[in-house]
Ligand code: F6R
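Numbering (my numbering), first residue to last: 20 to 261.
This is how it looks when you write it as structure tokens:
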């Protein structure tokens, strides 16, 4: 594991964007695994800035996102489809048809997951997977469980995730109760994993994930076994490190 210490959120975002840029420059036709949530927003802003300056070209890049709420339409401003377009896709030269998320509008969970596994397989696997860290240690929407799910599956969101994500919705009841998420097996097969973490609120779970026992109770702890893990975290998130 390589741990990059950032001063604050801006510094974390710039360092993470640098790692993603290096990936895109070294392999222009790479497959980027992307995440939503508040942590990567600054990273996406930085990538857009460098794209606008002419330093980055996404024309050959394919993207696959970690997850999507089940039941939200693409034009719902809380869907991850909407989030990704708003925060990145609409602002860079990714080609239409080369950015994928699980289909939240597909009511048949088995079909939605099967189709998404096929998309990832067809893309040839993931070169770099960007991850945020949930307050309960989840990555993607792989919630604490008694096993590590392998491929894309439908999950029931835990009360703590619904609580954490309600900030984006008008009220907690509006948060969808289920989501489709890439599995831990798929995340672990990414050639490189980039975990971004910011803020004191994540300090304890980051310590548990990186230095605690590897257990599906803390899904991110499996990353300790990844052969090319980069963690970019700010001082506040690193405040509980051993
Ligand atoms: C988002 C995702 C989630 C978030 C995590 C942290 O696609 O899969 O695992 O990365 O919930 O969210 P933030 O960054 O909002 O704290």
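Idealized CB from N, CA, C, for every residue including glycine.
The model shown is predicted, which means the values in this text are computed figures rather than measured ones.
The C-alpha of residue 142 lies about 7 Å from the C-alpha of residue 50. Here residue 112 carries a coil assignment [DSSP, helix/strand/coil]. Shown here, residue 78 sits in coil according to DSSP, grouped into three states, outside any helix or strand. Each of 207, 172, 145 was checked against the Cα of residue 80, and the nearest Cα belongs to 145. Of the candidates 121, 59, 73, 183, the residue whose Cα lies closest to the Cα of residue 88 is 121. Counting every other CB atom within 10 Å of its CB across the protein chains shown gives residue 157 a total of 16 or more, marking it as buried.
The C-alpha of residue 237 is placed about 11 Å away from the C-alpha of residue 226. Per DSSP, the unbroken alpha helix (DSSP H) holding residue 225 starts and ends at 222-230. In chain order, 43, 47, 70, 112 place their CB closer than 8 Å to the CB of residue 76, counting only its own chain and leaving out the 5 sequence neighbours on each side.
Counting the other Cβ atoms within 10 Å of the Cβ of residue 105 gives fewer than 16, which makes it exposed.
With respect to the 7 Å criterion, residue 58 and residue 217 are classified as neighbours on the basis of their beta carbons. Contact check for residue 202 against residue 148 fails: the beta carbons are separated by 7 Å or more. Between residue 97 and residue 188, the CB-CB gap stays under 7 Å. As computed with DSSP, residue 42 is found in no beta bridge at all. Ranked by how close their Cα comes to the Cα of residue 20, the residues 127, 246, 198 have 246 in first place. Here residue 22 is bridged, per DSSP, to 250. In this structure, residue 86 lies near residue 159, with their beta-carbon atoms less than 7 Å apart.
Residue 57 has its Cβ nearer than 6 Å to a heavy atom of the ligand F6R. The C-alpha of residue 208 is placed about 19 Å away from the C-alpha of residue 118. Boundaries for residue 71: no beta strand (DSSP E) harbours it, while the alpha helix (DSSP H) harbouring it runs 60-72, taken from the DSSP string.
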